[in-house]
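Peer 1:
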Amino acid sequence: MSQAPTATVAAPAPPARHRKPAPAAAASTSSQGGYHRHVLALAKRSLIKTWRTPEALIDVTVQPIIFLVMFTYIFGGAIGGTSQDYLQFLLPGLLGQSIAMAGVALGQNLNSDIEKGVFDRFRSLPIGRSVPLVGAVIADIGRYLVLCVVTLGFGMLMGFRIETNPMAATAGIGISLAFALCFCWISVFVGMTVRTSGAVQGVMFLIVLPLSFASNTFVNPDTMPSWLQTFVKVNPISQLVTTVRGLMIGGPVAESLMWTLVWMAILLIVFVPLALRGYRRRA
Amino acid sequence: MTHTIEAEGLTKRFGATQALDGVDLAAAEGTVLGVLGPNGAGKTTAVRILATLLRPDSGRATVAGYDVVRDASKVRRIVGLTGQYASVDEDLTGTQNLVMIGQLLNLNTRDARARSAELLEWFDLSEAAGRVAKTYSGGMRRRLDLAASLVGRPRVIFLDEPTTGLDPAKREDMWDVVRRLVTDGSTVLLTTQYLDEADALADQITVIDRGRVIANNTPEGLKRTIGGQRIRVKPADRYRLDDVRRILAAISPQADQVTGRDEITVPVDGEQALAATVAALTAEGIAVTELSLHLPSLDEVFLTLTGQHIDESPSPDGSTDAGTDTDTHPESEKAEAAA
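Protein chains in written order, with our numbering: chain U, 1 to 283; chain S, 1001 to 1339.
(1) If I follow the unbroken beta strand (DSSP E) through S:T1082, where does it start and stop?
(2) Scan the stretch 34-47 of chain U for residues whose Cβ lies nearer than 7 Å to a Cβ of chain S and list them as they occur along the chain.
(3) Within the chosen definition, does the stretch 251-264 of chain U reach the stretch 1024-1036 of chain S through at least 3 CB pairs nearer than 8 Å?
(4) Between which residues of its own chain and U:F154 is the CB-CB distance below 7 Å, once the five residues before and five after are set aside?
(5) With a threshold of 8 Å on Cβ separation, who are the neighbours of U:M101 within its own chain once the five nearest residues in sequence on each side are excluded?
(6) U:A41 and S:Q1103 - do their beta-carbons sit closer together than 8 Å?
(7) What are the start and end residues of the alpha helix (DSSP H) that includes U:K49?
(8) 8 Å is my cut-off, CB to CB: does S:M1174 come that close to chain A?
(9) Could you tell me which whole beta strand (DSSP E) segments of length 3 or greater appear in the stretch 1145-1191 of chain S?
(10) Whole angstroms are fine: how far does the CA of S:D1256 sit from the CA of U:T193?
(11) Does the Cβ of U:R45 have 16 or more other Cβ atoms within 10 Å, making it buried, or fewer, making it exposed?
(12) Which class does U:R123 belong to by DSSP, given the choice of helix, strand or coil?
(13) Per DSSP, what kind of secondary structure is S:E1263 in: helix, strand or coil?
(14) Just the C-alpha distance for U:F231 and U:L157, rounded to the nearest angstrom, thanks.
(15) What does S:M1140 touch in chain U if you count any residue whose Cβ is under 9 Å from its own?
(16) Is U:T164 near U:M248, with beta carbons less than 8 Å apart?
(17) Over what stretch of residues does the beta strand (DSSP E) that includes S:K1234 continue unbroken?
(18) Could you check what DSSP says for S:S1292 in three-state terms: helix, strand or coil?
(19) Any C-beta of chain S within less than 9 Å: which residues of the stretch 110-123 of chain U qualify?
(20) If you measure from the beta carbon of S:Y1066 to each beta carbon in chain U, is any gap under 8 Å?
(21) Can you list the alpha helix (DSSP H) stretches of 4 or more residues lying completely in the stretch 1041-1079 of chain S, in chain order?
(22) For a test of the three-state rule: what should DSSP assign to U:F294, helix, strand or coil?
(23) Go ahead and label S:S1137 buried or exposed: buried means 16 or more other beta carbons lie within 10 angstroms of its beta carbon, across all protein chains shown.
(24) So U:V244 and U:I175 are in contact, right, with Cβ under 8 Å, and what is the actual spacing, rounded?
(25) Is any beta-carbon of chain U found at less than 8 Å from that of S:Y1136?
(26) Give the C-beta separation of S:L1189 and S:L1050 to the nearest angstrom, bearing in mind that I take them to be a contact with Cβ-Cβ under 8 Å.
(27) Is there a Cβ of chain U sitting closer than 8 Å to that of S:L1189, yes or no?
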């Protein structure tokens, strides 16, 4: 029995009770002006975490490369005549598909943050309620940027040519990033709603796989049944892919760009409030 | 008298479980309130409500006069919370963890760095400051977590089972920290499963069980109710239990003895009882494998207050409270063995 009798000795009498408490230096200042700084502090946290665990970048580096190689050389000849022709068609599409997939990790990370109790700390601090979520989303732009650079860079090594001009291609990357920033709120919402980070992945694949395959990402939808073609047409990924394809290899862009922007707005309007509500409810 | 921490009639239900069923708590400024109870009593739920992480179903609570529901953001500016599970970021270094909290509390980077260095020094983590928290031991994580809750110099500090899972030496260190916080003027609410911890630190102890307050008293008052020290004797030869019983009856004639499978525990007056017990056991040639003078375990407290052993039903606090079975404190192992 390690318990010494001395453990029963009462604490030294507490000192005079009338003394003023130490001023709450930092905590007493306003939290209103700090929103951006708070978001940046938490975005920095996410970036450090990504930096410390490089395997967290697999889904935006190795994975798109595998898809690119696999689809180009396995299906390319059969679908597009030659692998090279198919690569021209595939790469802009794959960018859209990978970007939808890349958001999955965000929801998983947020979910496990909550499980581990890290967010309890944030919730007990005088910061805006949305700060932890917005910070994580902002930091995720870095991953999406890596994804775009890797996909385009590796694609070019495989022989992909930008048929328009560098400005248009950069705009294609820009619109992809912007879309990713909106689309990832679905993942944030799912991350706030389901119980485990494994379930986040399951639910997100249920959403992302139909969206990315029932689209014009991999094949021309002309041979699909008409009901499916209708879905493909309204599918936000199709609109993004059409836009990026137009910006990189030429073709009409205006209409699909408009629909892409409309979809981005819808995603934000629907899923940001849902995600924040899920976060508030998650005790 | 106004209290820095005040709760009245707090209730909270999770599904079928009534986690809190009308809990009142009060702590005066600059004091330590100990909330004592077993796993699942509702301690964590009460702390989470006071720290604005949960809303009560009914009842009201104020911290420094601010309502925890209506003025939640004001409450957050003056409280620090250290949960049962160290909520430090494992992928960040000790310094990065604290600087981040400082920035979230609107310190500029230089002040945040200075404050974090100061706290790391205080908690004996300076050497580990540049290492990621993943590599920290359990005790180091606890200390970093506590440091994180102190970055903003909170007036009111909630410590949810700060020593569960710590070895005895580290427990004493944590006790020193709590004493220093109070000396510096903070008001502390501390939950614990150990009477000796509440006794060592608290000015007032509230005992809760299944979401209800079953006792609220000073440590001295509580000990008067439940009896102070106990002696426990475990003879090497269990057939000599009857001799032990007779010896203890002579030393503490009025008290009820509690007989375990191969040990006997009895409340005693004063510390000379231990010497008398040792002398009598020696005189009769009874070898013992265990002989201790100790405060009642939580189970013994409950037995006295409620006439029942601690209810081991599933924890109403949910997953956050369930994992504390891992604690290594000797007292609780004894309590389980006795139950």
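Where is the CB? At the ideal position from N, CA and C, for every residue including glycine.
Peer 2: So, to answer that:
(1) 1079-1082
(2) G34, R37, H38, A41, R45
(3) no
(4) I65, L68
(5) D59, Q63, V208, S212
(6) yes
(7) 35-52
(8) Here chain A cannot be found, since the structure's protein chains are U and S.
(9) 1156-1160
(10) 54 Å
(11) buried
(12) helix
(13) coil
(14) 34 Å
(15) By Cβ distance, chain U contributes nothing, its closest Cβ being about 17 Å from S:M1140, past 9 Å.
(16) yes
(17) 1230-1235
(18) strand
(19) D113, E115, K116, G117, V118, F119, D120, R121, F122, R123
(20) no
(21) 1043-1050, 1072-1078
(22) The shown model of chain U, from 1 to 283, leaves out residue 294 of chain U, and the question about it has no answer.
(23) exposed
(24) 7 Å
(25) no
(26) 7 Å
(27) no
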